[in-house]
Structure formats: C-alpha cells, structure tokens
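Report on the structure given below.
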Amino acid sequence: HLLAKEIAAAGPDVGVVLIPARTFPETWDQKRHLPGPPLTPQSSIGVLTSANITVAIGVEEGWEARSTRFDLAWAALEANGTLSRTEALALGSSNIETLFGISPQIDLVAYHGGDVFDLSSRPVAVLSPYRGFVDLI
52 HLLAKEIAAA GPDVGVVLIP ARTFPETWDQ KRHLPGPPLT PQSSIGVLTS
102 ANITVAIGVE EGWEARSTRF DLAWAALEAN GTLSRTEALA LGSSNIETLF
152 GISPQIDLVA YHGGDVFDLS SRPVAVLSPY RGFVDLI
C-alpha cells in the first residue's frame with residue numbers, strides 16, 4: 052500500500068500478489084501494515100484496488116490453498132464496501148491468471164449450504180471443461 056501510486060503509474064501490466072492475504076505485523080518493521088476496519092479505514096487490498104492495480108491473493112504453503120475462499124471473504128469485508136463479490140473472487144482466480152499470463156481455465160464449482168463465501172457451505176461438485184470431467188465430492 053505504501054507504493055500504490057508508483058505501482059499504478061507503472062501501467063496495467065504491473066500488479067501485486069499479496070502473501071499473506073491478511074497481514075499481521077510479526078516484526079517491528081512490519082508495523083505500517085493496514086489491517087482494515089475497525090483499526091484502519093481500508094486494508095492493503097482496498098488501497099491497491101482503489102488505485103486500479105491488479106491484485107491477487109497468494110499462499111505461502113500449499114496447505115493454505117484450501118482456505119483461500121475464506122481469505123477472499125475476509126478481503127471483501129476488510130475492503131469496507133469497495134470490493135464487489137465478483138472482484139473478491141477475481142483476487143483468487145482471474146487476477147492470478149492475468150498477472151502470470153496464464154490462459155483462463157474456467158471451472159464451475161457447486162456448493163451445498165450456501166455460496167463460496169459461507170463458512171457453512173462445502174463444495175459438492177466441480178465441472179471442469181479444461182480437464183474434461185466432472186468431480187462429484
């Protein structure tokens with residue numbers, strides 16, 4: 052968030068992958084992070100997206116990928132209303148493809164008990180034209 056103006060000036064081909072998605076100051080040097088409401092008016096994601104920077108959410112270790120949908124929900128909440136549901140989903144999908152130059156691989160995921168952001172929901176099926184089959188979970 053400290054370099055948002057400079058990153059935005061670099062053009063649309065430059066973006067940011069935030070790892071971790073929800074920052075926490077572990078050392079004194081990290082004290083300038085933006086945790087989001089109620090402590091700060093905006094989060095790092097909110098500041099970067101407000102500057103028209105392509106932002107994606109990454110993971111440090113492979114096991115963290117299973118919680119990405121919850122990180123996306125937190126990102127939408129911490130953006131203080133400036134991030135739509137579609138934009139929040141893009142943080143963990145199409146924005147990553149854009150930043151790394153990957154051709155789009157669209158899968159359809161069906162959830163039971165809510166949508167992708169609900170803590171009580173769970174995926175029950177994945178339709179993947181890219182892989183050529185349907186997974187029923």
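Residues 52 to 188 in this note's numbering are what the sequence shown spells out, letter by letter. We treat Cβ as the ideally placed atom computed from N, Cα and C, and that holds for glycine. This structure is a prediction, so every number in the text was calculated from the model and none was measured.
- Annotation for Ile-108: the continuous beta strand (DSSP E) segment containing it runs 105 to 108.
- Taking the Cα positions, Pro-180 is about 21 Å away from Asp-166.
- A straight line joining the alpha-carbon of Arg-182 with that of Ala-176 spans about 14 Å.
- According to the DSSP secondary-structure assignment, Gly-66 is paired through a beta bridge with Thr-105.
- For Leu-90, there is no enclosing beta strand (DSSP E), since its DSSP letter is neither H nor E.
- Rounded to the nearest angstrom, the gap between the Cα atoms of Ala-61 and Asn-103 is 11 Å.
- Around the CB of Val-65, fewer than 16 other CB atoms lie within 10 Å, so the residue is classed as exposed.
- In the structure shown, the three-state DSSP call for Asp-166 is coil.
- The residues Ala-107, in chain order, have a CB closer than 6 Å to that of Ile-147 in the same chain once the five nearest residues on each side in sequence are set aside.
- Here the region 88 to 105 makes contact with the region 129 to 138; the two share three or more CB pairs at distances below 8 Å.
- Just so you know, the alpha carbons of Gly-143 and Gln-81 end up roughly 24 Å apart.
- Non-local C-beta neighbours of Thr-74 in its own chain, meaning closer than 7 Å and more than five positions away in sequence, comprise His-84, Pro-86 and Ser-95, ordered along the chain.
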